[in-house]
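These notes are about the structure you will find just below.
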Amino acid sequence: MTLPPKSDKKLIKKIYAVGSGKGGVGKSSITSLLAVAAARMGKKAGVMDADITGPSIPTFFGLHMMPFGNANGIEPPVTASGIKIISMNLLLDDPAKPVVWRGPLLGSAVTQFFTEVDWGGLDVLFIDLPPGTGDAVLTVMQTIPLDGFLLVTSPQEIASLVVRKAAKMAEMLEVPLAGVVENMSALECPGCGERIEIFGPSHSPELLKDLGASFWGSLPLDPALARMADRGRIEDYANGEVLSVLMKGLEGRI
């Protein structure tokens, strides 16, 4: 596939891709929470859902309206706290309708989400990547001027193994690592408050040593987050521990 040259930032100060190489680690929820954290820091934030065949970002924010056009391109829907969102699910007449496309079409859609959407003056744009290292991820890393790649992992060794592949892809394409977030590290027992490592002990220390990346922190497995996401109310999520980890990681980066 022939890729176009990297696009300019179009008045976007910072752009970070969020990925893991592996599905099921809560990458999209972390991407959404990063935008929420940035908004609470007083920044103008946006989220580009690059997971064309499995988009979920609009659900987290309770967005259902379709984008519309203006003189500068596609006007993205805006959430209650001012976060701009673009996603394939916002363009479908039925959100349950599958997108069955081959690689070149996926890459083209990702490129258009960046170049044809009127993002306006954003302080930061977060790009939610699909699992794996396929066409959509390759298009983002080769055509969008990224300021960094944030890796999301979970405690399991298999997650660390696949995350290493994503990190090596970023290195090959000269995309700097912004850091690593470990998600779903443990569950707090609602009865006694004991820390329960649902997925076993963390393998992130070995991962960080191998990658030489900065560690933003470990986030708990929080049932409240799942409930808020299902209700489309992630902007109302109030776990200070989680948001403080993300805000601290964003300090000096946006």
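Each residue of the sequence shown is one higher than the one before, counting from 2 in the working numbering. Quick reminder that beta carbons are idealized off the backbone N, C-alpha and C, glycines included.
{"Check": "What residue range does the beta strand (DSSP E) around Gly218 cover?", "Outcome": "216-219"}
{"Check": "Closest to Leu209 by CA distance: which of Thr154, Val37, Cys190, Val101 is it?", "Outcome": "Thr154"}
{"Check": "Return yes when the Cβ of Met229 is within less than 8 Å of the Cβ of Val176, no when it is not.", "Outcome": "no"}
{"Check": "Residues in its own chain within less than 6 Å of Phe188 by CB, not counting five upstream and five downstream?", "Outcome": "Correcting the residue identity first, residue 188 is Leu in this sequence and not Phe. The residues are Ile197, Ile199, Leu222."}
{"Check": "Under a Cβ-count criterion, where at least 16 other Cβ atoms within 10 Å of its own Cβ denotes burial, should Leu12 be classed as buried or exposed?", "Outcome": "exposed"}
{"Check": "Going by CA-CA distance only, name the one from Ala168, Asn184, Pro202, Asp237 that's closest to Gly25.", "Outcome": "Asn184"}
{"Check": "Just to confirm, are Thr144 and Thr112 a CB contact at a threshold of 8 Å?", "Outcome": "yes"}
{"Check": "What residues match up with Glu183 in a beta bridge as DSSP calls it?", "Outcome": "Thr154, Ser219"}
{"Check": "Assuming Leu152 and Leu126 form a contact by the criterion Cβ under 8 Å, report the distance between their Cβ atoms to the nearest whole angstrom.", "Outcome": "With a Cβ gap of about 18 Å, Leu152 and Leu126 do not count as contacting."}
{"Check": "Using beta-carbon positions only, say whether Lys45 and Asp95 come within less than 8 Å of one another.", "Outcome": "no"}
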